[in-house]
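Okay, structure first, notes after.
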Amino acid sequence: MKLRADQSSLLGASALALALQWVPMLRPLSLPFIYLNTHIHELMHAVATVLTGGVAARIEVYADGSGVMYSAGGFMPIIASAGYMGSMLVGTGLLMASRTPESARKAIGALVAILAVGSLLWLRGDLVGLLTALAWLAGLTVILKRADAGAVRWTGQFVGLLLVLASWDAFRTLWAVSQTGSHSDAMNMQMSTGIPAIFWAGFWALLSVAATIWGLVQAWTNPQMKRKS
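Residue numbers (the numbering used here): 886 to 1114.
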């Protein structure tokens, strides 16, 4: 299948954004995208905590792009896996919904609502989290109101793809914590299930590959996305 210009640019931009995260000297260039994923990632932890009977106290997002959700109670295996899995589901939904400009506009609007509500509920005393959330809310709102149909669809697919591919970051995070002795979602899953952290990092990464392929196929083979002659 020959890719259209917008499809090629989508894959190129997504690959570049992902690659920048893995190069320490270039990582600051990708921070805007990392911040969005961190917000969604920690928000999914909070939602999972509440749904499993726990209490989500607050979310903090740090300048380096990392984040944490403070909570008590709940079912740890679900809470620990909800960050990557939740971001993946949100990203896949956004990617698939962005088949047409009309559905992309609705999907981006839903993402704006999710981010806004999550920020109101759980961001507390966190200047970085507040500023980055406001920046993304403002940016996405401007796109919804000012961008043309093609740009709205491309943005929906780009943001969705980045959220799906974020599960690859589990490997980088796992390596980092192995050097510092701190915790990660994969390490929390190991503590909860007894299954090695590397399994969970690999499992999430493989799921992200499958979700990427499936989401792109669903989006790009939709008849409404074909160019009119």
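The beta carbon of each residue, even a glycine, is placed where N, CA and C say it ideally should be.
Query, Result
"From A957, L914, I919 and P909, residue whose alpha carbon lies closest to that of V932", "A957"
"Distance between D949 and A1005 (C-alpha atoms, nearest Å)", "Note that residue 1005 is Leu in the sequence shown, not Ala. L1005 and D949: Cα-Cα distance of roughly 22 Å."
"Local Cβ density within 10 Å of I925, reported as buried at 16 or more and exposed below that", "buried"
"Within 8 Å, strictly: CB atoms of A1082 and A1071", "yes"
"Distance cut-off 7 Å: S1069 Cβ against heavy atoms of the ligand ADP", "As for the ligand ADP, it is missing from this structure, which has no ligand bound."
"Complete beta strand (DSSP E) runs within the stretch 986-1019 (minimum length 3 residues, chain order)", "none"
"DSSP three-state assignment for L1027, whether helix, strand or coil", "This sequence places Val at residue 1027; Leu is not what is there. Residue state, collapsed to three classes: helix."
"Nearest to S1093 (by Cα), restricted to the options L1050, T1078 and W1085", "L1050"
"Under 8 Å between C-beta atoms of W1089 and S1052", "yes"
"Simplified DSSP assignment, three categories, for Q1109", "Here the model assigns Q1109 a pLDDT of 49, short of 50, so the residue's position is not dependable, and the following value carries that caveat. The answer is helix: DSSP assigns Q1109 an H, G or I state."
"Own chain residues within Cβ distance below 8 Å of Q1109, not counting five before or after", "With a pLDDT of 49 at Q1109, under the threshold of 50, the modelled position of this residue cannot be trusted, and the question is left open."
"As assigned by DSSP and simplified to three states, the class of Y920", "helix"
"Assigned secondary structure, G939 (DSSP; H/G/I helix, E/B strand, else coil)", "coil"
"From L1012, A989 and L1000, residue whose alpha carbon lies closest to that of S1037", "Note that residue 1037 is Val in the sequence shown, not Ser. The option with the nearest alpha carbon to V1037 is A989."
"Assigned secondary structure, I1080 (DSSP; H/G/I helix, E/B strand, else coil)", "coil"
"Neighbour-count burial assignment, S966, 16 or more Cβ in a 10 Å radius", "buried"
"I1098, buried or exposed, once every other Cβ within 10 Å from all chains shown has been counted against 16", "exposed"
"Close-in-space but distant-in-sequence residues of the same chain around F918 (CB under 7 Å, 5 per side omitted)", "A902 and L1047"
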